[in-house]
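Per the numbering used here, the very first residue in the sequence shown carries number 5; after that it's consecutive.
Where a beta carbon is used, it is the ideal one built from N, C-alpha and C, also for glycine.
None of the values given here were measured: they were computed from a predicted structure.
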Amino acid sequence: MSIAFSQKQVVKLLTLGSLLAVVSGLLVVLAPGSQASGTTAGRVSASESASIAAQAAGAIDIAAGVNHTCAITGDGDVFCWGLNNKGQLGNGDSSGASSNTPVLARLPGQVTAKQVSVGGQHSCAVTTAGDLYCWGGNTDGQLGIGSVGGSKDTPAKVGLGNVKQVSAAGIYTCAVTNSSDAYCWGDNFSGQFGNGSIGGQSSSPQQVNLANVSQISAGGEDGTSSSGSPAHTCAATTSGQGYCWGANAFGQLGTGSSGPDQASPQKIDLAGITALSAGEIHSCAIGIGSRAYCWGNSAEYQLGNGNDSGPSSCSGEPCAPTPILVAGENGDGALPPVSSISAGSFHTCAITTENLTYCWGDNFFGQLGRGTSGSGDPGVFPAPAVSLDRTGPLSQMAVISAGVNYTCGVTSLGVALCWGYNNAGQLGIGDLSPGECQNDLPCVPYPTPVAGQLKVLPDNVNFGTVKVGNTPSQKVEIFSSFLERVTADSKVIGGTSTGFSYRDESDCRISSTQLSIAPLQECKGTVTFAPNSPGTYGGVLRLSPVEYPRSSTEFAASGIAKDDGSVPGKPIVTAKPVAFGEVSIGKWKKSNAKISNTGEGNLKIRKASVKDFKDQFGIAQDNCTGETIKPGQSCKIKVIFQPNSTSQSAATLQLTSNSARGKDAVSLTGTGKVKSNDPFGPNAGPPTVVRDLRSPTKSLKAKSAKISWRKPASDGGSSLTRYQVRIKQVGSKWKKWRSKGTSLNSNGKKIVRYKNLKPREPYKVQARASNAIGNGPAATITFITRAKKVPTRQGNG
5 MSIAFSQKQV
15 VKLLTLGSLL
25 AVVSGLLVVL
35 APGSQASGTT
45 AGRVSASESA
55 SIAAQAAGAI
65 DIAAGVNHTC
75 AITGDGDVFC
85 WGLNNKGQLG
95 NGDSSGASSN
105 TPVLARLPGQ
115 VTAKQVSVGG
125 QHSCAVTTAG
135 DLYCWGGNTD
145 GQLGIGSVGG
155 SKDTPAKVGL
165 GNVKQVSAAG
175 IYTCAVTNSS
185 DAYCWGDNFS
195 GQFGNGSIGG
205 QSSSPQQVNL
215 ANVSQISAGG
225 EDGTSSSGSP
235 AHTCAATTSG
245 QGYCWGANAF
255 GQLGTGSSGP
265 DQASPQKIDL
275 AGITALSAGE
285 IHSCAIGIGS
295 RAYCWGNSAE
305 YQLGNGNDSG
315 PSSCSGEPCA
325 PTPILVAGEN
335 GDGALPPVSS
345 ISAGSFHTCA
355 ITTENLTYCW
365 GDNFFGQLGR
375 GTSGSGDPGV
385 FPAPAVSLDR
395 TGPLSQMAVI
405 SAGVNYTCGV
415 TSLGVALCWG
425 YNNAGQLGIG
435 DLSPGECQND
445 LPCVPYPTPV
455 AGQLKVLPDN
465 VNFGTVKVGN
475 TPSQKVEIFS
485 SFLERVTADS
495 KVIGGTSTGF
505 SYRDESDCRI
515 SSTQLSIAPL
525 QECKGTVTFA
535 PNSPGTYGGV
545 LRLSPVEYPR
555 SSTEFAASGI
565 AKDDGSVPGK
575 PIVTAKPVAF
585 GEVSIGKWKK
595 SNAKISNTGE
605 GNLKIRKASV
615 KDFKDQFGIA
625 QDNCTGETIK
635 PGQSCKIKVI
645 FQPNSTSQSA
655 ATLQLTSNSA
665 RGKDAVSLTG
675 TGKVKSNDPF
685 GPNAGPPTVV
695 RDLRSPTKSL
705 KAKSAKISWR
715 KPASDGGSSL
725 TRYQVRIKQV
735 GSKWKKWRSK
745 GTSLNSNGKK
755 IVRYKNLKPR
765 EPYKVQARAS
775 NAIGNGPAAT
785 ITFITRAKKV
795 PTRQGNG
């Protein structure tokens with residue numbers, strides 16, 4: 005959808021690049037090989053990535069669309085995330101792989117951007133030189149490149165120069181030049197070009213019949229289902245007058261009446277306009293005194309007047325065809341003066357002159373950012389979005405953009421936040437479907453920093469083969485894009501740290517397990533590999549900010565130590581790390597870990613297991629455990645990687661044997677990716693949580709328990725393939741997931757029985773459903789087994 009801010013606000017935003025802040029999430033693509041698409045990301049090479057990360061500036065603009073989002077940093081780079089089925093992320097990935105973390109759009113050469121806007125399936129950016137680039141779907145010529153059809157997965161130059169602002173909607177685009185002329189192109193179904201015509205398409209810019217335009221906003225339906233979608237456009241002139249044209253079935257043109265489409269600009273019944281925004285079937289503006297006004301459809305309270313039944317009726321829907329003043333919180337008076345406003349699909353958000361964020365309207369997916377969601381919780385009146393710590397209102401906001409069922413913004417220090425619907429990763433938070441809303445919908449109902457704020461470069465240090473006694477080292481750097489100093493917990497979650505050491509060279513370490521990282525600080529250090537015996541070494545370190553645990557990252561180190569004959573008669577395990585590369589979520593890939601005996605004695609592996617924090621790696625076939633591997637021979641363990649998110653992941657294959665080390669570890673790494681052009685469609689995802697997970701009291705015994713659940717409310721758009729269940733004694737580690745069939749009993753329940761439990765002990769059980777796309781969220785219950793019965797002695801009488 006569209007974002008609007010006053011001219012004074014534009015000046016403020018364009019100076020944010022000088023602030024010492026890094027936009028949340030934009031470092032995730034700067035590590036070598038970390039692009040979700042597997043392609044080279046534009047102008048960034050592996051050798052340049054570290055210096056670019058260190059110099060990155062804060063965000064100056066952000067745009068929320070239907071299923072994807074784009075943002076611009078202060079140094080002119082464009083990053084996008086979410087659905088990529090038409091190349092709308094602009095990263096050059098022709099496979100259509102989506103990303104739930106930011107990827108760099110491949111603008112050519114030294115081109116830098118200053119403003120960005122996204123439509124249904126396309127994106128556009130204005131450069132500092134006044135050129136315009138667009139990319140993504142081109143079904144109706146909305147890219148403005150002289151052709152209709154197809155798509156572009158990298159930015160393409162539009163034949164329009166001296167551009168100062170662009171606004172992309174469902175399947176059309178509009179722009180304003182430095183000479184204050186306005187142009188539109190793409191679909192003209194409702195006359196949204198404003199040039200006197202209705203219908204047809206244009207693949208090149210068509211001039212709007214309006215002079216002295218200072219800002220333009222394209223709105224209307226998202227246009228992702230078919231061509232020819234109702235749409236309307238609004239613009240403000242340099243004299244403060246507003247105009248709208250196009251679809252008017254719901255009074256969204258603000259002329260005082262509803263009715264047929266209008267092919268020429270119509271004057272809005274509101275004076276002193278400094279900014280405006282066109283939503284799907286409503287519009288909003290900032291008028292005299294910096295007050296917020298809205299008009300059009302009001303069925304979801306999106307006008308902010310607390311009324312979903314009027315004051316008028318348009319096409320059988322409640323509406324206000326004349327601009328009305330947005331009410332204050334709880335309906336008291338008027339909303340405080342605002343500096344920017346953005347109309348989304350059926351909700352609206354604004355930033356006050358005190359930098360507080362207010363949203364109102366539809367809140368089914370938590371797009372108002374209040375921490376709540378569902379059909380029974382609409383935003384009848386404006387109310388503040390909650391702060392990051394959820395203890396007060398969200399403050400210090402500079403940019404706001406309301407999209408289709410979600411919202412994104414940028415703080416005054418340049419950090420990007422998103423909240424609401426997340427079915428395609430459009431929130432950029434690293435999870436595809438967190439399920440944190442009512443009915444386990446894939447959404448997050450409170451402002452959340454875009455993922456990837458903590459990054460280690462490089463993300464995988466492989467020392468290769470090293471002779472015992474040698475101590476090679478490699479430099480690493482840890483970056484943080486948080487606005488404040490964060491404390492990062494470090495925890496070995498796979499393998500062992502034995503043989504590896506880290507030396508902090510930037511005064512970041514505050515304890516043996518914690519780093520303290522300031523904004524823009526480069527925590528430089530050295531990882532040293534000093535094996536004390538021959539064998540295979542591997543470890544995974546997880547860095548988790550205490551303040552933002554969602555933004556953790558994983559770092560892997562591996563190496564093979566050899567020693568020619570220093571351990572006579574002892575077998576030595578030698579195995580190279582296994583790198584799976586990119587694998588689509590819901591799919592899996594198998595690879596062989598070759599375990600070689602490079603020592604003198606026979607090797608006997610007693611146990612092989614995978615240590616994996618995210619439950620994405622596993623053993624598919626073990627041909628080594630219990631076998632005798634003679635010197636010079638090898639065996640293979642087939643390992644499998646089935647990702648459930650697009651983040652980089654690491655684990656270790658741990659081997660217990662009679663080797664010189666006793667315990668060896670092989671590093672496993674892989675990255676998940678989303679295939680948006682799969683047969684399940686762009687809205688498909690993992691199933692929702694299983695329902696009614698229970699352990700009936702009557703079924704509990706001293707050493708056994710019966711667990712039951714019902715199928716999830718939604719299969720995610722793809723048939724269920726299995727259920728999974730696991731158990732643990734409270735205080736101990738989870739056992740492995742066990743797969744179960746999808747058949748239910750006559751009561752519509754899935755039944756699982758556990759035996760050999762301990763009497764009078766608390767247990768936890770988790771169950772989840774899976775489909776071909778991935779695993780749904782797990783439901784959890786706790787129960788206590790009964791006490792063991794004590795035989796009673798019969799009485800004497």
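{"query": "Tell me where the beta strand (DSSP E) around Gln637 begins and ends.", "result": "It is not in any beta strand (DSSP E) - Gln637 carries neither H nor E in the DSSP assignment."}
{"query": "Measure the C-alpha to C-alpha separation of Ser151 and Ser207 and round it to an integer number of angstroms.", "result": "5 Å"}
{"query": "For the beta strand (DSSP E) holding Glu358, just list the boundary residues, first then last.", "result": "Element bounds for Glu358: n/a, residue is neither H nor E."}
{"query": "Checking 9 Å against the spacing of the C-beta atoms, do Gln733 and Ala771 come in under that value?", "result": "no"}
{"query": "Would you say Ala253 and Gly263 are within 9 Å of each other, going by their C-beta atoms?", "result": "yes"}
{"query": "Under the assumption that Thr632 contacts Asn606 (Cβ atoms under 8 Å), give the Cβ distance between them as a whole number of angstroms.", "result": "5 Å"}
{"query": "Between Leu214 and chain C, is any beta-carbon pair separated by less than 9 Å?", "result": "Among the protein chains of the structure shown there is no chain C, as only one such chain exists."}
{"query": "Specify the secondary structure class of Asn779 as computed by DSSP and reduced to three states.", "result": "strand"}
{"query": "Looking at the structure shown, is Asn662 part of a helix, part of a strand, or coil, going by DSSP?", "result": "coil"}
{"query": "In angstroms with no decimal places, state the Cα-to-Cα distance between Asp559 and Leu257.", "result": "The amino acid at residue 559 is misidentified as Asp; the sequence shows Phe. Near 54 Å, if we compare the C-alpha coordinates of Leu257 and Phe559."}
{"query": "In terms of alpha-carbon separation, which member of Asn409, Lys608, Gly396 lies closest to Gly365?", "result": "Asn409"}
{"query": "How about Ala160 and Ser121: do their beta carbons lie closer than 9 Å?", "result": "no"}
{"query": "Please name the residue, chosen from Arg790, Lys744, Lys754, Trp738, that lies closest to Leu761 on a Cα-to-Cα basis.", "result": "Arg790"}
{"query": "Please identify the residue among Asn662, Gln219, Trp189, Asn301 whose C-alpha is closest to the C-alpha of Gln211.", "result": "Trp189"}
{"query": "I want to know whether the region 216-228 touches the region 276-287 - three or more CB-CB distances under 8 Å.", "result": "yes"}
{"query": "Once you ignore the five residues that flank Thr469 on each side, which residues in its own chain have a CB closer than 7 Å to its CB?", "result": "Ile564, Lys566"}
{"query": "Considering only residues of the same chain and omitting the five flanking positions on each side of Gly80, which have a CB-CB separation below 6 Å?", "result": "Thr116, Ala117"}
{"query": "Hey, Phe350 and Glu304: beta-carbon distance below 9 Å or not?", "result": "yes"}
{"query": "Just the C-alpha distance for Asp619 and Val769, rounded to the nearest angstrom, thanks.", "result": "16 Å"}
{"query": "From the DSSP output, read off the bridge partner residues of Asn466.", "result": "Ser562"}
{"query": "Quick check: the Cα distance between Gly148 and Lys739, rounded to an integer number of angstroms?", "result": "56 Å"}
{"query": "For Gly174 versus Asn192, is the C-beta distance shorter than 9 Å?", "result": "no"}
{"query": "List the DSSP bridge partners of Val130.", "result": "Gln119, Leu136"}
{"query": "Between which residues of its own chain and Lys611 is the CB-CB distance below 7 Å, once the five residues before and five after are set aside?", "result": "Thr629, Thr660"}
{"query": "My guess is that Gln442 and Gly378 are in contact by the Cβ rule of under 8 Å, so how many angstroms apart are they, rounded?", "result": "4 Å"}
{"query": "Am I right that Ala669 and Thr540 are in contact with their C-beta atoms under 8 Å? What's the rounded C-beta distance?", "result": "7 Å"}
{"query": "Thinking C-beta only, is Ala251 closer than 9 Å to Pro269?", "result": "no"}
{"query": "Quick check on the burial criterion: 16 or more other C-beta atoms within 10 angstroms. Buried or exposed for Asn199?", "result": "buried"}
{"query": "To which residues of the same chain is Thr158 closer than 7 Å at the C-beta, ignoring the five residues directly before and after it?", "result": "Gly94, Gly96, Arg110, Trp139"}
{"query": "Considering just the uninterrupted stretch of the beta strand (DSSP E) at Gly693, what are its terminal residues?", "result": "According to the sequence as given, residue 693 is Val; it is not Gly. No beta strand (DSSP E) holds Val693; DSSP gives it neither H nor E."}
{"query": "I need the DSSP call for Val333, collapsed to helix, strand or coil.", "result": "Residue 333 is actually Glu in this sequence, not Val. Three-state DSSP puts Glu333 in a helix."}
{"query": "What is the DSSP secondary structure of Asn627, reduced to helix, strand or coil?", "result": "coil"}
{"query": "Taking just the CA atoms, how far does Ala101 sit from Gly676?", "result": "10 Å"}
{"query": "Give the straight-line distance between the Cα atoms of Asn71 and Ser722, rounded to the nearest whole angstrom.", "result": "19 Å"}
{"query": "Excluding the five sequence neighbours on either side, which residues of its own chain have a C-beta within less than 6 Å of the C-beta of Cys288, listed in chain order?", "result": "Ser281, Cys298, Ile345, Ala347, Thr352"}
{"query": "Which class does Gln733 belong to by DSSP, given the choice of helix, strand or coil?", "result": "strand"}
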